[in-house]
Every structure is written in C-alpha cells, then in structure tokens.
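A.B. asks: Quick note: to get our numbering, add 1 to the position in the sequence shown (first position is 1).
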Amino acid sequence: MQSHFFKMFETILAKDIDAFESYMHPEFISVSEFEMSTREDFLTQMKEWFDDETFDLRNANLVIVADNPDMHSFQYERNIDGKRVRITNVALIKDKKLWRHIINYVPLD
C-alpha cells in the first residue's frame, strides 16, 4: 500500500488539483500561523501554488519527518519575499484522506 505522504506528493508534483481535491476529507481544515482555512480556501491556495512555475518540491531540501497511516509531516525550504524559509507541514489522516493540516514558517536568514 502506498503511503499517504507519497500519494499526496505525486499529486503535488503532477499539479493535479482534481486529484488533490479528491484526496481531501469533506471536513478538511488547515491552520497556518493564526489563520484557519476551509477546504475550499485551501484548494484555492493550492491552485495558486501549482501555478507557480518557479517552485518545485524536488528542489526544495524536502525532508519527510513522519509518515504513517494516521499522519504525515514534512519540511521543505523556499524563498518567500526574498527570504529563505523552512516550512513544516503536519497532516492528520481520517478515512484515508487529508483531514487536518497545520503549517509553520521558520525564517532561515
């Protein structure tokens, strides 16, 4: 059985928003810093990310922190507003779908 992280990772690399949406639980919620996003808001953010041709996770110092049937966590680096940032994602899985997501940004400069 393919891990949840690698299933999501392949979807992101393919920039397949429909596949990503089908992988999201109907009750999906994301928290980034002090902002909470609904499933629909997060999909809009993902579409914008997929449209960014300058960014590719394969070239972002990707580290898989944890990957099991209930959750996955990974980190990567990218430039945001001219500053290098490490981004940590933690996702909880429910019914084999992304259910809860939290993200943290740590400046590296």
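Built from N, CA and C at the ideal position, the CB exists for glycine as well.
Computed from a predicted structure; not experimentally measured.
Terminal residues of the continuous alpha helix (DSSP H) containing Phe21?
C.D. replies: For the purposes of this step, residue 21 is taken as the residue at position 20 of the sequence shown. From DSSP, the alpha helix (DSSP H) with Phe21 extends over 18-23.
A.B. asks: Spatial neighbours of Phe51 within its chain, please: CB distance less than 7 Å, with the 5 preceding and 5 following residues excluded, ordered by chain position.
C.D. replies: Indexing the sequence shown from 1 puts residue 51 at position 50. Answer for Phe51: Lys16, Ile18, listed in chain order.
A.B. asks: For Leu93, which residues of its own chain have a beta-carbon under 6 Å away from its beta-carbon, when the five flanking residues on both sides are left out?
C.D. replies: Taking the sequence shown and counting its residues from 1, one reaches residue 93 at position 92. The residues are Met72, Trp100, Arg101.
A.B. asks: Tell me which same chain residues have a C-beta within less than 6 Å of the C-beta of Asn105, skipping the five on either side of it?
C.D. replies: If you number the sequence shown from 1, residue 105 lands on position 104. If we look at Asn105 and ignore the five residues flanking it on each side, its Cβ neighbours are Thr89.
A.B. asks: Buried or exposed: Leu37, going by 16 or more other Cβ atoms within 10 Å of its Cβ?
C.D. replies: For the purposes of this step, residue 37 is taken as the residue at position 36 of the sequence shown. Note that residue 37 is Met in the sequence shown here, rather than Leu. Looking at its Cβ environment, which holds fewer than 16 other Cβ atoms inside 10 Å, Met37 is exposed.
A.B. asks: Decide if Ser31 is buried, meaning its Cβ has at least 16 other Cβ atoms within 10 Å, or exposed.
C.D. replies: The residue labelled residue 31 in the question sits at position 30 within the sequence shown. Ser31 should be labelled buried.
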